[in-house]
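Worksheet: one structure, shown below.
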Amino acid sequence: MNPESILVKSSRGHEEIDTRALKLGARLRQVLIRVDGAKSVETLCAEAGEMGDTVWAQLDDLLKGGFLLDATPIDEGPTTLPPAPAAKTVARVQAPPPSQAPPPLQAPPPSQAPPPSQAPARPAAPPPAAVEFNSPVKFKLQDLLMQAVGAETGRLGVALGSCRNRDDLARWVNAVVDPIEAQAGKSKAKAFHKAARQLVGG
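Have a look at this one:
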């Protein structure tokens, strides 16, 4: 596995995401969810911030375990050019007589040039800042969730992996309080909500 490697989920990886039949640990499962078949290993590790080294090791474990496949395109190198024609073939080529030479290029008449008073069109405004939000905050929220409900976070953990911006994370924090309270009790739900809101800036 190289920093430029592009990883994709294997059939085994999709089976684990859909059914949990292979009992993959919660941390490895979260990293498996983040693999989208487009980002390089280096990008996935960079998005994890200070946990980049840990994500590298987890990706390697998933690759060795058959949950991921390396789908990096193979660079076939430059195409071989055909050999130059023989010298005697070149010698037979004759320049056309002057009468057949193409006329020299002429500048367009002044009437076709754009008026100097018209400024070139401005480029379109850049799109809004990327809304994708993959950072150590997700890992810390995952830790808080595991502290509240245990290692098997189920649909709550999957929903966290789908968040792409701070608004998504804030909505997720509010949405999971009731399920946590039903599963683990009011005190754990309250402690989770307080710590999670601090992480997402609420």
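The sequence shown begins at 13 in this note's numbering and counts up by one. Beta carbons: idealized from backbone N, C-alpha and C, even for Gly. Note that the structure is a prediction, hence the values are computed from the model and not measured.
Alpha-carbon spacing of residue i relative to residue j, whole angstroms
| i | j | result |
| --- | --- | --- |
| R209 | D179 | 12 Å |
| L19 | Q42 | 15 Å |
| K51 | V188 | 29 Å |
| G37 | A163 | 8 Å |
| L181 | K202 | 17 Å |
| G77 | L156 | 27 Å |
| H205 | V185 | 7 Å |
| T84 | M13 | 10 Å |
| I86 | L75 | 18 Å |
| Q154 | R176 | 15 Å |
| M158 | G166 | 10 Å |
| S63 | A207 | A small fix is needed here, since residue 63 is Met in this sequence, not Ser. Distance between the alpha carbons of M63 and A207 is about 20 Å. |
| T66 | D190 | 31 Å |
| D30 | S174 | 15 Å |
Where the beta strand (DSSP E) through residue i begins and ends
| i | result |
| --- | --- |
| K35 | Where K35 is concerned, there is no enclosing beta strand (DSSP E), given that its DSSP letter is neither H nor E. |
| V189 | That residue, V189, is in no beta strand (DSSP E); its alpha helix (DSSP H) goes 178-196. |
| D82 | 80-82 |
Supposed close pair residue i, residue j - CB separation, criterion 8 Å
| i | j | result |
| --- | --- | --- |
| L168 | K150 | Their Cβ separation, rounded to whole angstroms, is 13 Å, which puts L168 and K150 out of contact at 8 Å. |
| F79 | S17 | Actually they are not in contact, since the Cβ atoms of F79 and S17 sit about 15 Å apart, beyond 8 Å. |
| P15 | E59 | Wrong, their Cβ atoms sit about 13 Å apart, outside the cutoff. |
| G25 | L44 | 6 Å |
Where residue i falls, given that 16 or more other Cβ within 10 Å makes a residue buried
| i | result |
| --- | --- |
| E28 | buried |
| A142 | Because A142 sits at a pLDDT of 41, beneath the cut-off of 50, its placement in the model cannot be relied upon, and the point is left open. |
| I192 | buried |
| G197 | exposed |
| A194 | exposed |
| A69 | exposed |
| T101 | Summary for T101: the model assigns pLDDT 47, below 50, so the residue's position carries little reliability, and this model does not support an answer. |
| G49 | exposed |
| E144 | Caution is warranted here: a pLDDT of 48 is assigned to E144, below 50, making its placement in the model unreliable, and the coordinate value is therefore given only provisionally. Exposed, because fewer than 16 other Cβ atoms sit within 10 Å of the Cβ of E144. |
| P139 | Because P139 carries a pLDDT of 47, less than 50, the predicted location of this residue cannot be relied on, and no value is offered for it. |
Whether residue i touches residue j by CB criterion (9 Å)
| i | j | result |
| --- | --- | --- |
| L34 | V47 | no |
| P148 | G61 | yes |
| L71 | K152 | no |
| K217 | V161 | Outside the modelled stretch of the chain, which goes from 13 to 214, sits residue 217, for which no answer is possible. |
Unbroken alpha helix (DSSP H) run spanning residue i, endpoints
| i | result |
| --- | --- |
| K51 | Here K51 belongs to no alpha helix (DSSP H), and DSSP marks it neither H nor E. |
| G169 | 166-173 |
| A69 | 64-76 |
| A160 | 148-161 |
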